[in-house]
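Enquirer:
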Amino acid sequence: MSRPSPIQMREHLSGGDHPCVRSELVRHARGRGAGADVLQRLESMPDRTCDGRSAGSAEIL
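The letter at position 41 of the sequence shown is residue 41 when you use the working numbering, and the numbering goes up by one with no holes.
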């Protein structure tokens with residue numbers, strides 16, 4: 001499975017609420033039609049609270 005591009009990640013995470021935890025990011029991305037590659041990338045992140053859009057960007061992308 002290929003690594004999703006930053007554009008794909010942003011597309012599926014846009015409009016999400018902050019702060020949030022990993023499970024909420026996964027749920028939001030799934031609801032926006034994210035593919036297995038995006039979901040796998042999100043699920044591999046440490047489970048911690050993201051304060052805002054830029055707080056987890058380096059980790060996600």
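Using N, Cα and C, we set each Cβ at its ideal position, and we do this for glycine too. Because the structure is a prediction, the values reported are computed rather than measured.
Tell me which residues share the same chain as residue 12 and place their Cβ nearer than 6 Å to its Cβ, disregarding the 5 neighbours each side in the sequence.
Expert: 29, 32, 34 and 38
Enquirer: Give me the Cα-Cα distance between residue 23 and residue 41, rounded to the nearest whole angstrom.
Expert: 12 Å
Enquirer: Taking the C-alpha atoms as reference points, what is the distance between residue 10 and residue 21?
Expert: 16 Å
Enquirer: Cα separation between residue 8 and residue 2?
Expert: 12 Å
Enquirer: On the premise that residue 25 lies in contact with residue 16, defined as a C-beta separation below 8 Å, what is that separation, rounded to the nearest angstrom?
Expert: Contact annotation, residue 16 with residue 25: C-beta distance approximately 7 Å; criterion of less than 8 Å satisfied.
Enquirer: In or out: residue 19 buried (at least 16 other Cβ within 10 Å) or exposed?
Expert: Exposed, by the Cβ-count rule.
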